[in-house]
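For the sequence shown, position 81 (counting from the first letter as 1) is numbered 1454 according to the numbering used here, and the numbering increases by one without interruption. Cβ atoms here follow ideal geometry from the backbone N, Cα and C, with glycine treated the same way. All values derive from a computational prediction rather than experimental measurement. Written below as C-alpha cells is the structure these notes are about.
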Amino acid sequence: MTALQLSASQRIAAFAVGFKPTHLTEMHVQQCARALADTYAVALAGLNEQPAQHVFQYIATVQPALDETRYRASRGLARLWGRGRATTVELAALHNGVAGHALDYDDASSPMSGHPSVALLPALIALGEVRGVTGLRLAAAYTVGFEVLCKLGRAMAHEHYARGWHMTSSIGTVAAAVACAYLLELDEVRIVNAIGLAVAQTAGTRENFGTDAKPFQAGQCGAAALRSVLLSEAGFTASPAALDGPAGFMSMYSGGNGLTDELETLGQYPLELISSGIEIKKYPACYALHRPLDGILDLKREHAITLSNVVHIAVETSGGALVPLIRHYPKTGTEAKFSMQYGIAAAVADGQVGLASFTDEAVQRPAIQAFLPRIEARESACAMVPRWASVSITLKDGTALQRHIDALRGASQLPLTNEELSRKLADCIAFGGSTVKPASLLEVALDMERFTVSGLLDAVERPGADRSSSVYMHKEQ
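Set out below in C-alpha cells:
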C-alpha cells in the first residue's frame, strides 16, 4: 500500500512509530521543558479557581483521591498537581487540565488556533508517571503530539473554528491520543485505533468560552485521549478512516477539508515545535487580546495615557481574531478574559495586566465599567494569518496615537527569556499559594532528560531531595 493509499490515521501512526527520542535536538527538549514548567505553574495558579475546585470535588464523588503516602504504594495512580493527592490517570488528566486552563494563562499555538500544552501534558505526565517513562521519552511524545496538532490545525483551523468548535478540545483530543500512544510504544494498528476512539469523543464549543465549561473542555481532552489509548492497548478497535473517511472527522467537523497536503510534511524538519513554536502567554487572558495589549501597554509607557484623558480607542485585527472575544461588557473575571474592552481598559488604568487584573472586584471597578463603551474593535477583511493588530487612541487634547503589532511577545519570534518565564512562574505559584520554588521548577524542567517523569515531579515538589536516587536517570543515547 502506498502513502497515498493510506488513510490519514495510518499515515499519522506510521510517523509516530518511526519517530525516535534520538531524533530530538536539544532545542526540542528545551521547548518541551519550558512548556512543562509553564503548564505546571499555571495549573498551580488555577487550583483555587472555581473550575478546579469543582472538578476536585467531583473526583471525590467517583474515585476518592488518595493521599501521597498511600498513592506511592498503589500502582496506577497519578498526582493531582499541587494537592498532595493522587487518583486514576484519567481523572488526574482531567483535574490537571482543568486547573491548567482555568485562568486561560497556558501557552498557545497559532497553527492550531488553540492551546497545545494543556491538551498534551496533563495526559502525558499522568501516563508517564504510572508507567515509569523517562523524561526524554516524554519530550519525544510531546514533540509528536505537537506535530500532529499543528498539521491538523493547518488543514482545518479556519473552517473548524468558524463552525464554533473549540480547537483545544477537538483536535487536541486526537493529537493527545497519538502522543500517549507513542509514549506507550504502541504499534501502528493500535495507534490507528486510538485515533478512531479519540474521534469518537472529540467535542467542545466556543459558546462555552467565559464559563467553567471552557477549562472543562481542555481537561476532558486529556482524559478522553487516555481513555482512547488505554482501550486501544487493551484491544479496542476503530475505523482506520475515522479522520478522513466519507463520514469521518474532516467531513463532519470541517466541511470536508482535506488532510493530504499537510500530512505530506508530517515529520519533516524543522518540526512544528521549532518552525511554528510554542507561544508562552505573557498575559492571563484569551490569546486574541495579547497583540492589542502589547500595543496599548507600549503606548501607556511612552505617553501620559489615563482613563480620564482618552476619548476613544479603536482596535483593528486580522481576520477571525475577535471570534473568541464574546464578552463586551463583562461583570466577572472569567468573562473579562474574553473581552477586548476590559483588557484594553485594564491596561490603560493599571499599566499592566496580570493575574490580579481578572478578579471579579477588578472587573467591577466603576471607572473601568464606565470606560468600556469608549473602546471599539473590528476585524479586517484579510486572512486569519499572518496575525496582527493595530491600536489607535484619541486623547481629549486631540492627540492621535497609533501602534501596529505583528510579532507577539512570547511567540517564537519574540520568546520570553528564561528570566521573564521565571517571573511568570513566580507570579503563578504565589497566586496559587503553592510552596513550589519557581527557580527549582524551571531548573528541573530544563534538566528533564535526566529524570523519570515521577522523579521529575518529586524533584519539583521537593527541591531538596537527593537527585542521586534511581529516579535520576543517565541521559539516554
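Local Cβ density within 10 Å of A1446, reported as buried at 16 or more and exposed below that: In this prediction, A1446 has a pLDDT of 49, which is less than 50 and means its spatial position is unreliable; nothing more can be read from the coordinates.
Local Cβ density within 10 Å of Y1642, reported as buried at 16 or more and exposed below that: Taking all protein chains in view, the Cβ of Y1642 is surrounded by fewer than 16 other Cβ atoms within 10 Å, so the residue is classified as exposed.
Classify K1673 as buried or exposed, calling it buried when 16 or more other Cβ atoms lie within 10 Å of its own Cβ. Label assigned to K1673: buried.
Determine the burial state of Q1378: buried for a count of at least 16 other Cβ atoms within 10 Å of its Cβ, exposed for fewer. Under this definition Q1378 is an exposed residue.
Proximity of D1480 and T1412 at Cβ, strictly below 9 Å: Yes. Within cutoff.
Who does L1453 pair with in a DSSP beta bridge? Bridge pairing for L1453: R1458 [DSSP].
Which residue from N1566, S1691, T1808, R1407 puts its Cα closest to that of D1779? Nearest C-alpha to D1779: S1691.
Give every residue of the same chain whose Cβ lies closer than 6 Å to the Cβ of A1709, excluding the five residues on either side of it in the sequence, and list them in chain order. For A1709, the CB contacts under 6 Å within the same chain, skipping 5 residues up- and downstream, are P1703, Y1715, F1731, V1736 in chain order.
If you compare alpha carbons, which of Q1423, D1723, A1661 is closest to I1699? Cα-wise, what sits closest to I1699 is A1661.
Am I right that L1632 and A1567 are in contact with their C-beta atoms under 8 Å? What's the rounded C-beta distance? So it is not a contact: roughly 17 Å between Cβ atoms.
Classification of R1796 by the beta-carbon crowding that lies within 10 angstroms, buried from 16 upward: R1796 is exposed by the Cβ-count criterion.
Sequence ranges, beta strand (DSSP E) only - wholly within the region 1734 to 1807, length at least 3: Within the region 1734 to 1807, the complete beta strand (DSSP E) segments of 3 residues or longer fall at 1748 to 1752, 1762 to 1768, 1773 to 1778, listed in chain order.
Skipping 5 residues on each side, what residues in its chain have a beta carbon closer than 6 Å to that of A1614? Answer for A1614: S1380, G1621, listed in chain order.
Give the DSSP bridge partners of A1687, in chain order. Within the DSSP secondary-structure output, A1687 pairs in a beta bridge with E1749, S1765.
Report the rounded CA-to-CA distance for D1770 versus T1398, giving the unit in angstroms. In a straight line, the C-alpha of D1770 is about 55 Å away from that of T1398.
For the candidate residues V1696, A1754, S1765, M1400, whose alpha-carbon lies nearest to that of V1721? Among V1696, A1754, S1765, M1400, the Cα nearest to that of V1721 belongs to S1765.
Proximal residues to G1537 (C-beta, below 6 Å), its chain only, five neighbours per side dropped: Excluding residues within five positions, the ones whose Cβ falls inside 6 Å are T1578, R1579.
Just confirm the distance between the C-beta atoms of F1744 and E1645, as a whole number of angstroms; I'd bet it's less than 8 Å. About 40 Å separates the two Cβ atoms, so there is no contact after all.
How is the alpha helix (DSSP H) around E1580 delimited, first residue to last? Counting along the chain, E1580 falls outside any alpha helix (DSSP H), and DSSP gives it neither H nor E.
Could you tell me whether the Cβ atoms of E1822 and G1508 are closer together than 9 Å? Between E1822 and G1508, the CB-CB gap stays under 9 Å.
How would you call M1625, buried or exposed, if buried means at least 16 neighbouring beta carbons within 10 angstroms? That one is exposed.
In the DSSP assignment, what residue or residues form a beta bridge with D1440? For D1440, which the question treats as bridged, DSSP gives the partners R1458.
In terms of alpha-carbon separation, which member of K1393, A1386, H1401 lies closest to I1647? Taking only the C-alpha atoms, the option nearest I1647 is H1401.
Alpha helix (DSSP H) segments (min. 4 residues) lying fully within the region 1553 to 1626: The qualifying runs are 1561 to 1572, 1586 to 1607, 1622 to 1626.
Could you give the residue range of the alpha helix (DSSP H) that holds I1699? Going by DSSP, I1699 is part of no alpha helix (DSSP H) at all; its letter is neither H nor E.
Can the beta-carbon of V1817 be found closer than 9 Å to that of R1747? Cβ distance not < 9 Å, so V1817 and R1747 don't count as in contact.
Which residue wins for smallest C-alpha separation from Y1515, given the options K1524, L1493, H1531? With distances taken between Cα atoms, Y1515 lies closest to L1493.
Applying the criterion that 16 or more other CB atoms from any shown protein chain within 10 Å of the CB defines a buried residue, is H1474 buried or exposed? Around the C-beta of H1474, 16 or more other C-beta atoms lie within 10 Å, and the residue is accordingly described as buried.
Is it buried or exposed for K1393, if we count other Cβ within 10 angstroms and need 16 for buried? Flag for K1393 reads exposed.
Looking at the strands, I want to know which residues DSSP matches up with A1481. The partner list for A1481 (beta bridge, DSSP) reads E1652.
Distance between beta carbons of A1408 and I1651, contact taken as under 8 Å: About 5 Å separates the Cβ atoms of I1651 and A1408, confirming a contact at the 8 Å cut-off.
Name the DSSP beta bridge partners of T1732, please? Looking at the DSSP assignment, T1732 forms no beta bridge with any residue, so it has no partner.
Residue interval of the alpha helix (DSSP H) (run including M1713): M1713: member of the alpha helix (DSSP H) spanning 1713 to 1723, first to last residue.
Which of the three DSSP states is assigned to T1398 in this structure? DSSP places T1398 in coil when its eight states are reduced to three.
Do H1701 and L1781 come within 9 Å of each other at the CB atom, strictly closer than that value? No, they are not a contact pair.
Is it right to say P1811 is buried, meaning 16 or more other beta carbons lie within 10 angstroms of its own, or is it exposed? By the neighbour-count rule (16 or more Cβ atoms within 10 Å), P1811 is buried.
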